[in-house]
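To convert, take the position in the sequence shown, counting from 1, and add 9; that gives my numbering.
Here a beta-carbon is modelled for each residue, glycine too, at the ideal position from N, C-alpha and C.
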Amino acid sequence: MALQTTTLQGILRGPDGVALSGATLRFVLSHTAADVGSNTALVRTPVDVVSGNDGSVAVDLWPNANGFENTHYDVRAYANDENGKAVTYEFGKLQVPEVGPADLAELLGAGVLRAQGVEGQVLDAAVRAEMAAQSARASANEIDVGSLEGRLEDRVDAFADGARAEYPAVNLLRNARALDTDSNGGFVSPLGIYVPNDSEAVVTQRVLAPDHADIPAEIAGFTQNAGTPKYSFNVIEITGSKGASGSGRATLLPNRPVRGVHSSGFIAAQVSASGISVNYHDLDAGMVHEDVVWSETRFAHIDAFRIVFTGNNQKIWVVGPWVSAGKVSRSPLFLMHDTYFLNQT
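In structure tokens form, the structure reads like this:
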């Protein structure tokens, strides 16, 4: 299935309102994404377009609503001032709709919507599409308010039906809270480590209790369930080094594989340095990434979490890894007391 794109067009203007001719307008995805329809990975390769003599620009971009999670484009322009000095203009962020052509200025003015996963994005895209169609009719004096409300209602109902059909999803990963212990009393990770032949990555892991001094303060808040120690999660600390050469790739394997259409992710994750990616998601340092999710279809074997290390002694702290059957967009149900799923201690 070919990757869908939407045309953006408009006039590129500087802060003073003057059209910028011959300037380079650059669009960069906020982070690596995957297309729902084609399951194609989209990397953060800049998309550049040069404005015409009148400042006009037109560019085809992938619609953000077609991804598995919320993304946006960072937009900036590069030009020369009247003295020939290079100038950078920060235009902010935008999200590309599914229906085009779309006006560049309107999208920049609309800001970025923080949708809750792909269902919220699909709903928002449906509403935008219907309103855009009605807006076009309004220019011909054919607007029908009742029809607009009815169509939006139908789309909302369809969205709700889809969401209900998707849930409940249940975490199938044993020992997901990393509470199991070995014969020496040490905590056991629910994940195994595999390093491909073309990678020289060196990867180790250890499980830390919630009060361990090595846990960053940002992610420590995700180790407790409503402040109840009985429902606490341990933190899995994964340390990796790329090595002298190779791809720096490593894979974390679940001890309970799920074949076919499945999803995997973490309740929360934090990295020690930017440049580390998990399941094609670039994780920024200094913040906690909630509901890191990846969905795919595999029948040969299950990889679960693909990690790429770009340096040495890089760390990832993970709370609540999970694997579920089906395609979901947020963390599934964690069963706290069923030993079949979680081996509660």
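Candidates the options: closest to residue i by CA position
i    : options                  : result
A282 : Y98, W326 and T97        : W326
E209 : P106, N193 and N321      : N321
D63  : A28, S198, M296 and R183 : A28
P106 : S39, S272 and P72        : P72
P199 : L261, Y289 and L116      : L261
G195 : I245, V212 and G230      : I245
P24  : E99, G118, G61 and D44   : E99
V297 : R258, G255 and V280      : V280
S272 : S333, R35, Q104 and L342 : S333
T41  : G284, A185 and L21       : G284
G255 : P205, G76 and D223       : P205
A222 : N243, V197 and V68       : N243
P55  : R35, V68, A74 and L70    : R35
V68  : N75, G76, V59 and A74    : V59
L342 : R186, Q214 and V212      : R186
D207 : N193, G252 and S241      : G252
L116 : G230, L21 and L188       : L21
Span of the beta strand (DSSP E), counted from its first residue to its last, around residue i
i    : result
I247 : V244 to S250
P199 : Per DSSP, P199 belongs to no beta strand (DSSP E) and is neither H nor E.
R186 : Taken as a continuous stretch (DSSP letters only), R186 belongs to no beta strand (DSSP E), as it is neither H nor E.
S286 : I285 to V287
R35  : T33 to L38
D57  : V56 to V59
Q214 : V211 to L217
R258 : R258 to P263
G64  : From DSSP, G64 is part of no beta strand (DSSP E); its letter is neither H nor E.
G19  : T15 to I20
F318 : Premise fails: F318 is in no beta strand (DSSP E) and is neither H nor E.
With 16 other Cβ atoms within 10 Å as the buried cut-off, status of residue i
i    : result
G249 : buried
A178 : buried
E151 : Bear in mind that the predicted position of E151 carries a pLDDT of just 47, short of 50, making it too unreliable to give a figure here.
N399 : In this structure the chain extends from 10 to 354, so residue 399 is not present and cannot be described.
E78  : buried
V154 : For V154, the pLDDT reaches just 49, beneath the cut-off of 50, and the residue's location in the model is therefore unreliable, leaving the point undetermined.
T232 : buried
N89  : exposed
S340 : buried
A111 : buried
Residues bridged to residue i (per DSSP)
i    : result
G230 : Paired residue(s): none; G230 is not in a bridge.
W71  : DSSP output for W71 lists no bridge partner at all.
A88  : V96
D291 : S286
T49  : According to DSSP, which records beta bridges pairwise, T49 is partnered with nothing at all.
E299 : A277
Q104 : Note: Q104 sits in no beta bridge, so no partner.
S340 : Paired residues: none, contrary to the question.
D112 : Q18
I325 : I247 and V280
G255 : S208
D44  : G76
A28  : R22
D83  : V37 and K102
Within 8 Å, strictly: CB atoms of residue i and residue j
i    : j    : result
A114 : T33  : no
G19  : V66  : yes
V328 : I228 : yes
W331 : L182 : yes
G109 : T16  : yes
S39  : T80  : yes
G269 : V301 : no
G101 : V84  : yes
F318 : N288 : no
V37  : Y82  : yes
S304 : V337 : yes
A259 : I224 : no
T49  : L12  : yes
V211 : I247 : no
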